[in-house]
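Residue numbering for the sequence shown follows full-length UniProt numbering, beginning at 1 and increasing consecutively. Notes to accompany the following structure.
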Amino acid sequence: MAKALGRGLGALLPGASSREEAPAPVVSLPWSSLRPNPRQPRREMDPEGLESLARSLERHGLLEPILVRPAEGGYEIIAGERRWQAAKRAGLESVPVRVLDIGDDDLLEVALVENLQREDLTPLEVARALAALVETTKSQEEAARQLGWNRSTVTNKLRLLQLPAEVQAMLSRRELTEGHGRALLAVEGEEERIALAERCRDEDWSVRKLERALRETPKKPRRERVGGEEAAYPEAERLQRRFGLVLRVVMKGRRRSLRIDGLGERATRELLALLDREGERLFPGE
Numbered sequence: 001m002a003k004a005l006g007r008g009l010g011a012l013l014p015g016a017s018s019r020e021e022a023p024a025p026v027v028s029l030p031w032s033s034l035r036p037n038p039r040q041p042r043r044e045m046d047p048e049g050l051e052s053l054a055r056s057l058e059r060h061g062l063l064e065p066i067l068v069r070p071a072e073g074g075y076e077i078i079a080g081e082r083r084w085q086a087a088k089r090a091g092l093e094s095v096p097v098r099v100l101d102i103g104d105d106d107l108l109e110v111a112l113v114e115n116l117q118r119e120d121l122t123p124l125e126v127a128r129a130l131a132a133l134v135e136t137t138k139s140q141e142e143a144a145r146q147l148g149w150n151r152s153t154v155t156n157k158l159r160l161l162q163l164p165a166e167v168q169a170m171l172s173r174r175e176l177t178e179g180h181g182r183a184l185l186a187v188e189g190e191e192e193r194i195a196l197a198e199r200c201r202d203e204d205w206s207v208r209k210l211e212r213a214l215r216e217t218p219k220k221p222r223r224e225r226v227g228g229e230e231a232a233y234p235e236a237e238r239l240q241r242r243f244g245l246v247l248r249v250v251m252k253g254r255r256r257s258l259r260i261d262g263l264g265e266r267a268t269r270e271l272l273a274l275l276d277r278e279g280e281r282l283f284p285g286e
């Protein structure tokens with residue numbers, strides 16, 4: 001049984017790490033001895049796609065092994081639940097697996113990386129899995145390294161989570177592509193984004209047509225906000241580009257209000273702790 005330690009994902013997932021580690025051997029286990037991972041990052045399974053995969057397995061068998069770890073009474077699936085479900089539909093009594101000795105700390109990371117290397121995820125599934133991976137690995141740089149991606153790729157995919165829920169739902173249903181979503185991020189205003197997304201869907205706009213429409217739309221003047229006007233800060237723009245956040249600075253007289261959208265739980269706590277430590281210096285006399 002192969003053992004995975006720390007960040008050694010190269011032993012589990014080809015291409016996920018530059019480290020030279022031998023993969024766990026492939027063995028055959030009864031289908032019924034496996035059970036789903038309750039922390040599976042993939043939330044949706046397309047019934048038609050699952051049926052298509054099952055028909056393929058009937059003809060060719062399961063060629064790609066499922067990743068599992070020992071669990072009470074059998075094995076827990078780390079990655080490959082879709083293949084496991086399809087194997088049941090295909091009537092396979094046993095499936096090929098790699099049995100890994102992996103703890104809870106690394107379980108989510110391995111499952112996320114394996115999912116993100118697949119090509120059949122929706123843009124929203126990718127973005128959500130990336131957000132969870134960034135929380136697990138502590139940084140976008142480390143998440144990008146694990147996947148063999150550029151940092152900018154990770155940042156751009158994460159920004160899809162800033163879209164309104166209605167637009168995210170269209171991405172989940174594959175009514176819009178990732179390219180549509182990224183273009184819509186340039187639209188100011190939630191209602192405007194939703195309306196334009198619906199038009200793209202209903203009129204079957206290509207990404208190029210959407211981008212052309214955005215270029216031809218007159219730019220709105222900076223909006224006056226209730227209680228103040230939005231101010232531009234180069235630092236805020238750099239942070240938005242680097243980390244996929246949405247930062248808004250609103251000024252009212254000599255006072256400023258700062259809003260940050262897109263923070264995870266860990267980042268929120270650490271930012272508050274930083275403000276607490278630096279409070280005397282940042283807010284003298286407050």
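Just so it is clear, CB atoms sit at the ideal spot from N, CA and C, and this is done for glycine as well. All figures in this text were calculated on a predicted structure; none of them were measured in a lab.
Contact annotation: the region 77 to 96 touches the region 22 to 35, with at least three C-beta pairs closer than 8 Å.
Bounds of the beta strand (DSSP E) holding residue 97 are 94 to 101.
Residue 97 sits close to residue 29, with the two beta carbons spaced by under 8 Å. Where residue 263 is concerned, there is no enclosing beta strand (DSSP E), because DSSP gives it neither an H nor an E.
Annotation: the continuous alpha helix (DSSP H) that includes residue 47 extends over 47 to 60. Taking the Cα of residue 59 as reference, the smallest distance to any Cα among 191, 86, 73 and 72 is reached at 86. In this structure, the CA atom of residue 56 is about 36 Å from the CA atom of residue 151. Between the C-alpha atoms of residue 73 and residue 101 there is a straight-line separation of about 16 Å.
When secondary structure is reduced to three states using DSSP, residue 157 falls in the helix class. Assigned with DSSP and collapsed to three states, residue 28 falls in strand.
DSSP places residue 36 in the coil class of the three-state scheme, outside both helix and strand. No Cβ-Cβ contact shorter than 8 Å links residue 70 with residue 26. In this structure, DSSP gives residue 130 a helical state, which the three-state scheme calls helix. Looking only at 267, 122, 160 and 170, the smallest Cα-Cα distance to residue 49 is reached by 122.
DSSP places residue 65 outside both helix and strand once states are collapsed to three, so it counts as coil. Under the three-pair Cβ rule at 8 Å, the region 133 to 144 does not count as touching the region 173 to 193.
Here the C-alpha atom of residue 93 lies approximately 13 Å from the C-alpha atom of residue 54. Looking at the DSSP output, residue 77 shares a beta bridge with 68. Assigned with DSSP and collapsed to three states, residue 231 falls in strand. The alpha carbon of residue 153 has as its nearest neighbour, out of 198, 263 and 116, the alpha carbon of 116. Assigned with DSSP and collapsed to three states, residue 252 falls in strand.
For residue 108, the three-state secondary structure derived from DSSP is helix.
Taking a C-beta distance under 8 Å as the contact criterion, residue 267 and residue 249 do not qualify as a contact pair. Less than 8 Å divides the Cβ of residue 185 from the Cβ of residue 162. Put simply, of 217, 274 and 257 the residue whose alpha carbon is nearest the alpha carbon of residue 233 is 257. In this structure, the CA atom of residue 106 is about 14 Å from the CA atom of residue 76. Taking 8 Å as the cut-off, the beta carbon of residue 264 is found closer than this to the beta carbon of residue 131.
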